Amino acid sequence: MPSVTIVDETLETNPNQAMMARFDEAAEKLNLDPGLYKFLRTPNKELTVYIPVVMDDGRLEVFKGYRVQHSIVRGPCKGGIRYSPDVTLDEMKALAAWMTWKCAVVNIPFGGAKGGVICDPSKLSLSELEKITRRYTAEILDIIGPDRDIPAPDINTNEQVMAWIMDTYSMHARRTVSSVVTGKPLGLGGSRGRREATGRGLLFVIQEAAKHLDLKVPRTAVVIQGFGNVGSVAAELLGQAGYRVVAVSDVQGGIHNARGLDIPRVLQHVQKHKTVVGFPEAEPLTNSELLELPCEILIPAATENQITSKNAGRIQARVLCEGANGPTTPQADQILEQRGTFIIPDILANAGGVTASYFEWVQDREGYFWKEELVNERLGEIMVSSFREVVTYAERHRVNNRIAAYMLAIDRVAYHTKLRGIYA
Ligand code: NAD
C-alpha cells in the first residue's frame, strides 16, 4: 500500500471536514472569488430541535433533531431525513452541502438541505416512530414547505414517515400539501419509479462507465455494501441487466457467491429474516472483507467513511460507484487515484433519487401523474448526460471525476449567486 501522511484525522471521521476538503480543492482550481468562497462554504441555516415524546410505557423521552439548509440560491432546499443514533450536526451540514452540489451537478432547480433525529428506530414501536416524526415536523414547520424546503427519505426513513410528515404539515396548513415532501406512497401523490430511482440511477451511470471503460457486461462482477433502498434496488436492476452480483451486505454482515447471487431469492430471504445474513446459497463474510473482494464494480450503498486510508490500498474494484453519500474519505481518494480506480462520485452517482424527487414535486404541483416509463426515461436522460458532462469536464480540466463534479456544481451555484446578488 502506498504511504500516505494523514495530516488531519478528522478527514477520515468527520463527513463535514471530508466534504470541505473536496470543496476547497475544487474552489481553488476554479479560482473562486474569496467572498463567494466564504458564502458557499457556510450553510444558510442550522436548526436544532428537541422532541418530547410520551413513550409506550408512559415515560417521557426527549430526542434531539436537526434540519440544516445549505443553499437556497438555485431554488427551494431539498434533502432527506435520517433517523439514526449516529446523527450529528456536522454530518447534517455535510449532507446538506452535498445535496446542493448534487442538485447542481444534475442541474435541477433545488438547493440542498438535510435533517435527522438521533434515535434508534429498531428500538422504537410504530406509534413511537409516528410521534417522533410528527413532533419533529411540527418543530421544523416554519422552515419547510413546497417553496422552501422539501424533505425526502434517507437512512431508516421511508414512505410511511413521509406520509406522516405530509399529514402533519397539511393539518397545520388546513389543506392537503402533498408537495411538501417527496418519496411519499403512490396514493398520496408519490411518483411512480421514485422508490427505485436511486438504484436505477446507479444502473444508468454504471452502464455509461462500462461503455467508457469497455467492460464486458455479462462477466462484470459487482459487490454492494448496504442492502436497503439504494443497495437492494441496484442489486436487482444490475442482476436483471446481466451483471453478476457476487456479494451484498447489511449492517449485520455480508454474503458472497463468486458465481453470482440470485437477487430475487436474497430479497425473499430479507423479507423473512430482515437481513441478508444466513442466506443459504452463499458464504458469509464481514463488511470489511466484502469491500476488498475482487470485482469490477464496487458500490458502497450504506453510510459514510467506509473506504479510508486503512483499506483503500486493498480495494480491488476497477470502478467505485458511490451509492451512499460520502463513503470514501479524501485520503482514500488519493490512494484510489494512484491505483487507477475509476470513481463515479456520490454527488453524481446517487443523484437519481433527488432527480425523481424533483419529478414527484413537479407532478404534485401539476396534479397530473406520469407513467413509470416516462419517469425512467427522463431519469435516464439526466443521469446519462450528467455522467458525460462530468467525465468530459474531468478530461478537459485534467482533474479526477470527483473534483470535476464539485467544480461543475460550485461553478453553477456561484453563477446563480452572482446573478441574484447578495440581499442586504
Ligand atoms: P436504508 O436505511 O434503506 O439502507 C441502508 C442499508 O445499509 C441497510 O441495509 C443497512 O443495514 C446498511 N448499513 C447501515 N450501516 C451499515 C454499516 N455500517 N455497514 C454495512 N451496512 C450498513 O438507506 P438508503 O436509503 O438505502 O441509503 C443508503 C445510503 O444511500 C445513504 O448514504 C444515503 O444517504 C444514500 N442515498 C440514499 C438515497 C435514497 O433515495 N434513499 C438517495 C441518495 C443517497
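So the mapping is simple: this note's numbering equals the position in the sequence shown, first residue as 1, plus 1408. Cβ coordinates follow ideal geometry from the N, Cα and C atoms, glycine included. This one's a predicted model, so the numbers in the text were calculated from it and none came from an experiment.
Distance, residue j Cα to residue i Cα
i	j	result
N1665	D1772	43 Å
F1767	P1593	14 Å
A1571	R1652	36 Å
A1740	R1582	50 Å
G1721	L1744	7 Å
G1519	P1688	45 Å
A1725	T1749	7 Å
A1655	L1468	43 Å
T1406	R1627	With the chain running from 1409 to 1832 in the structure shown, residue 1406 is simply not present.
Q1660	K1682	10 Å
I1516	K1619	25 Å
K1437	Y1814	10 Å
G1595	P1442	48 Å
T1800	G1686	44 Å
Q1477	E1704	37 Å
A1832	F1447	14 Å
Y1577	A1690	46 Å
C1527	E1538	13 Å
T1565	S1492	10 Å
A1757	D1465	43 Å
F1612	E1803	20 Å
F1471	R1608	34 Å
I1573	R1542	6 Å
P1753	V1585	34 Å
DSSP three-state assignment for residue i, whether helix, strand or coil
i	result
G1829	coil
P1692	strand
Y1776	coil
R1467	coil
Y1651	coil
R1582	coil
C1511	helix
T1456	strand
T1737	coil
H1620	helix
S1717	coil
S1492	coil
T1744	Checking the displayed sequence, the identity of residue 1744 turns out to be Leu instead of Thr. L1744 falls in the helix class under three-state DSSP.
A1571	helix
D1557	strand
R1475	strand
G1523	strand
I1480	coil
G1597	coil
G1662	strand
T1413	Model confidence at T1413 stands at a pLDDT of 46, short of 50, so the residue's coordinates are unreliable and nothing is read from them.
A1629	strand
S1533	coil
K1446	helix
I1671	helix
P1708	strand
L1728	strand
Residues of its chain near residue i, where Cβ-Cβ distance is below 6 Å and the 5 sequence neighbours each way are ignored
i	result
T1736	I1715
I1790	V1514, T1763
F1635	V1656, D1658, V1684
D1498	N1422, N1424
G1473	V1457, I1459, V1525, Y1544
S1640	none
Same chain only: Cβ atoms within 8 Å of residue i, ignoring 5 sequence neighbours per side
i	result
H1824	V1481, R1482
H1580	A1546, L1549
C-beta neighbour in chain B for residue i, strict 7 Å
i	result
A1812	In the structure shown, chain B cannot be found, because there is only a single protein chain.
Contacts around residue i, its chain only, beta-carbon distance under 7 Å, and the 5 residues preceding and following it disregarded
i	result
R1504	A quick correction: the sequence has Ala, not Arg, at residue 1504. The answer, listed in chain order, is P1451, V1476, Q1477, H1478, G1487, G1520, A1521, K1522.
D1555	P1484
Segments assigned alpha helix (DSSP H), at least 4 residues, entirely inside the stretch 1750-1826: Whole alpha helix (DSSP H) segments, 4+ residues: 1754-1757, 1760-1774, 1780-1805.
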